[in-house]
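A.B. asks: For reference, the structure I am asking about is given below.
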Amino acid sequence: MIPKEKIEQVNFVDLKAQYWSIASEIDAAMADIVHNTAFILGKGVSSFEEEFAHYCQAKYAVGVDSGTSALEMALRAYGIGSGDEVITAANTFIATALAISYTGAKPVLVDIDPQTYNMDPNLLGDAISDKTR
20 MIPKEKIEQV NFVDLKAQYW SIASEIDAAM ADIVHNTAFI LGKGVSSFEE EFAHYCQAKY
80 AVGVDSGTSA LEMALRAYGI GSGDEVITAA NTFIATALAI SYTGAKPVLV DIDPQTYNMD
140 PNLLGDAISD KTR
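Residue numbering for the sequence shown follows this note's numbering, beginning at 20 and increasing consecutively.
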């Protein structure tokens, strides 16, 4: 184990700086949505979906409430469901395993490579079964 005094703090992202650079725009948009109580399927959502689809050069985009829902929708779009197994890294966020479970499939966790912290490709083969999707 690395001694605590040897660990350098690496800032992931400065959310305050990001927010303050566009605070007035965010605050105005949020106030409009709250004022109009248009939280679900309101004009803000449809506007976001259209603009995001255009940005991604896609025909459509669908706004969802969370990353968990987005993962579940993607899995369902690929036809993953009851009786299937989906392999994921053992150090994934719980939302990944939950999204897999919500489809009726079984999450199969594969341990990580301690050097990269990514799924260990040497262990992947043992996790594949005839139910793997």
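Built from N, CA and C at the ideal position, the CB exists for glycine as well.
Identify, in the order they occur along the chain, each residue of the same chain with its Cβ nearer than 6 Å to the Cβ of residue 52, setting aside the five sequence neighbours on each side.
C.D. replies: Taking the first residue of the sequence shown as position 1, residue 52 is located at position 33. If we look at residue 52 and ignore the five residues flanking it on each side, its Cβ neighbours are 63.
A.B. asks: Given residue 27, which residues of its chain have a CB within under 8 Å of its CB, disregarding the five upstream and five downstream residues?
C.D. replies: Stepping through the sequence shown from its first residue, residue 27 is reached at position 8. Closer than 8 Å at the Cβ level, and outside the excluded window around residue 27, lies no residue.
A.B. asks: Can we say the stretch 120-133 touches the stretch 98-107, given the rule of at least three CB pairs closer than 8 Å?
C.D. replies: Yes, the stretch 120-133 is in contact with the stretch 98-107.
A.B. asks: If you draw a straight line from the alpha carbon of residue 91 to that of residue 36, how long is it in whole angstroms?
C.D. replies: For the purposes of this step, residue 91 is identified with residue 72 of the sequence shown, where counting begins at 1. For the purposes of this step, residue 36 is identified with residue 17 of the sequence shown, where counting begins at 1. Approximately 32 Å between the Cα atoms of the pair.
A.B. asks: Excluding the five sequence neighbours on either side, which residues of its own chain have a C-beta within less than 7 Å of the C-beta of residue 139, listed in chain order?
C.D. replies: Start at 1 with the first residue of the sequence shown, and residue 139 comes out as number 120. Counting only Cβ-Cβ distances below 7 Å, and skipping sequence neighbours, we find 129, 130, 131 and 132.
A.B. asks: Let me make sure I understand the geometry here. Which of 150, 23, 30 and 42 has the alpha-carbon closest to that of residue 99?
C.D. replies: Mapped onto the sequence shown, residue 99 falls at position 80. When each option's Cα is compared against that of residue 99, the closest is 150.
A.B. asks: So, residue 118 versus residue 94, is the Cβ gap smaller than 8 Å?
C.D. replies: Sequence index remark: in the sequence shown, residue 118 carries index 99 (1-based). Sequence index remark: in the sequence shown, residue 94 carries index 75 (1-based). Their beta carbons are under 8 Å apart, which means residue 118 touches residue 94 by this criterion.
A.B. asks: DSSP on residue 105, reduced to helix/strand/coil?
C.D. replies: As a position in the sequence shown, residue 105 is number 86, starting the count at 1. Residue state, collapsed to three classes: strand.
A.B. asks: For residue 116, count the other beta carbons within 10 Å of its own beta carbon; 16 or more makes it buried, fewer makes it exposed. Which is it?
C.D. replies: Here residue 116 is taken as the residue at index 97 of the sequence shown, counted from 1. Residue 116 comes out buried.
A.B. asks: Below 8 Å on the Cβ atoms is my guess for residue 72 versus residue 80; work out the distance and round it to an integer in Å.
C.D. replies: For the purposes of this step, residue 72 is taken as the residue at position 53 of the sequence shown. For the purposes of this step, residue 80 is taken as the residue at position 61 of the sequence shown. That belief holds up - the Cβ atoms of residue 72 and residue 80 are roughly 4 Å apart, short of 8 Å.
A.B. asks: To which residues of the same chain is residue 142 closer than 8 Å at the C-beta, ignoring the five residues directly before and after it?
C.D. replies: Counted from its first residue, the sequence shown places residue 142 at position 123. The residues are 129 and 130.
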